[in-house]
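Shown next, in structure tokens, is the structure this report addresses.
In the working numbering, the protein residues as written are 1 to 381.
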């Protein structure tokens with residue numbers, strides 16, 4: 001994946017690179033557009049941008065191939081290319097009426113459930129903002145590391161079909177793959193790649209949180225910005241420090257959020273390192289020319305890109321979402337595009353909404369934790 005999707009939920013619930021032992025079965029059933037809550041009032045702002053980016057990616061694939069090996073109802077690439085071409089010919093691709101008519105004519109809604117359970121958890125993520133420098137100094141002394149040359153990341157599905165969606169990472173020692181150094185090892189400099197620093201930032205807490213989000217914008221000392229994105233992970237199981245703080249009695253479970261965790265870390269500098277290092281997972285970065293890029297290969301669109309469990313759900317399908325809005329304005333009912341994935345995004349009904357960059361995006365991502373449901377919109381075959 002190009003951006004590691006670890007949302008506000010991850011601050012409370014632990015995850016790993018492997019799915020749960022018992023994965024719920026995905027069921028889809030035909031529905032109608034009348035079943036989609038809020039369908040007739042959607043304004044589709046910026047949707048055309050997100051849809052067109054996915055169309056550009058689909059066009060690169062062979063037409064006879066299915067969009068998904070696991071979801072036959074999604075059809076083949078030729079079917080999607082035809083739909084994309086028709087969308088591109090809309091007189092006004094930003095018109096809610098035209099977009100609504102296009103989907104009602106060309107697409108079929110499918111209600112999604114997990115072992116017949118319609119509701120699932122929906123959270124949010126964003127592109128973090130940090131202050132940094134390409135040169136280490138007294139102020140800028142916390143490193144964000146580039147991917148080390150000896151890191152080996154393995155997709156187990158390449159070896160066995162039943163392991164599809166699972167991955168491990170490590171380093172080769174005497175011909176065997178061994179666990180990589182932990183977060184604490186790396187932070188303390190107990191590894192051989194201390195020189196592999198991409199950028200230095202002025203806050204250990206910010207350095208921790210940008211790894212949670214997986215991408216960010218660095219406001220550089222002296223002017224200019226650097227965009228960074230996920231380049232790899234050390235393979236250790238993610239452990240949520242929100243859970244750690246609840247276990248220690250420092251936070252109540254009901255009050256855990258990105259904001260409350262950040263406030264605790266910043267007000268307890270003598271204990272912060274120990275708490276952050278309880279999560280042994282460590283993320284490596286690379287410099288990016290564009291904004292946050294999803295696992296699908298497209299630049300993400302704020303409020304329209306959705307991270308899903310790509311081990312069972314294909315990228316680039318439109319998904320109608322109905323969940324609680326994080327700004328308290330009521331229901332979040334809009335058409336999203338499946339364009340990303342992440343270690344915590346597991347199961348048939350589970351999603352992470354990308355909110356973009358900046359303070360408002362951070363607030364929305366931190367506040368979003370809602371039960372909801374969604375529908376796939378797939379071309380009529």
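Ideal Cβ positions, reconstructed from N, Cα and C, are used throughout, including at glycine.
Here the alpha carbon of residue 33 sits roughly 23 angstroms from the alpha carbon of residue 121. Within the same chain, Cβ atoms closer than 7 angstroms to the Cβ of residue 90 are found at 98 and 102, the five residues on either side in sequence being excluded. In the three-state reduction of the DSSP assignment, residue 105 falls in the helix class. Counting C-beta pairs with one atom in each stretch, the region 117 to 137 and the region 337 to 356 have three or more that are closer than 8 angstroms, which means they touch.
Of the other Cβ atoms in all chains shown, 16 or more fall within 10 Å of the Cβ of residue 130; this residue is therefore buried. Going by DSSP, residue 270 is part of no beta strand (DSSP E) but of the alpha helix (DSSP H) stretching over 269 to 277. Inclusion of residue 279 and residue 239 in the CB contact set at 8 angstroms is warranted, their separation being smaller than that value. Contact annotation: residue 167 and residue 177 have beta-carbon atoms that are not nearer than 8 angstroms.
For residue 39, there is no enclosing alpha helix (DSSP H), as DSSP gives it neither H nor E.
With fewer than 16 other beta carbons inside 10 angstroms of its own, residue 159 counts as exposed.
Sequence-distant partners of residue 191 (beyond 5 residues in either direction) whose C-beta falls short of 7 angstroms from its own C-beta, in its chain, are 181 and 185. Given a length threshold of 3 residues, each whole run of the beta strand (DSSP E) inside the region 84 to 131 is given here in chain order: 107 to 114. Around the C-beta of residue 225, fewer than 16 other C-beta atoms lie within 10 Å, and the residue is accordingly described as exposed. DSSP places residue 223 in the coil class of the three-state scheme, outside both helix and strand.
In this model, residue 296 and residue 232 are separated by some 16 angstroms (Cα to Cα).
About 7 angstroms separates the Cβ atoms of residue 349 and residue 374, confirming a contact at the 8 angstroms cut-off. As the crow flies, the alpha-carbon of residue 153 is around 4 angstroms from that of residue 169. Rounded to the nearest angstrom, the gap between the Cα atoms of residue 203 and residue 144 is 11 angstroms. Note on the region 189 to 242: whole beta strand (DSSP E) runs with a minimum of 3 residues are 197 to 201, 215 to 220 and 225 to 233, in chain order. Residue 334: not part of any alpha helix (DSSP H); member of the beta strand (DSSP E) spanning 331 to 340, first to last residue. Looking only at 241, 273, 379 and 274, the smallest Cα-Cα distance to residue 259 is reached by 241. In this structure, residue 210 sits near residue 128, with a CB-CB distance shorter than 8 angstroms. Taking residue 235 as the centre and dropping the five residues before and after it, the same chain places the C-beta of 168, 169, 170 and 180 closer than 6 angstroms to its C-beta, in chain order. For residue 307, the three-state secondary structure derived from DSSP is strand.
Taking a C-beta distance under 8 angstroms as the contact criterion, residue 282 and residue 183 qualify as a contact pair. By the Cβ neighbour-count rule, residue 162 is exposed, with fewer than 16 other Cβ atoms within 10 Å of its own. For residue 304 against residue 47, the beta-carbon gap comes to about 6 angstroms, under 8 angstroms, which counts as contact. Listed in chain order, the non-local C-beta contacts of residue 272 below 6 angstroms within the same chain comprise 265, local neighbours out to five positions each way being set aside. The alpha-carbon separation between residue 372 and residue 69 amounts to approximately 26 angstroms. Inter-residue distance for residue 45 and residue 247 is about 42 angstroms (C-alpha atoms, whole angstroms).
Sequence-distant Cβ neighbours of residue 140 in its own chain, meaning closer than 7 angstroms and more than five residues away, are 132, 133, 200, 201, 202 and 221. Within 10 angstroms of the beta-carbon of residue 339 lie 16 or more other beta-carbons, which makes it buried. Comparing alpha carbon positions, the residue from 347, 379, 365 and 368 closest to residue 25 is 347.
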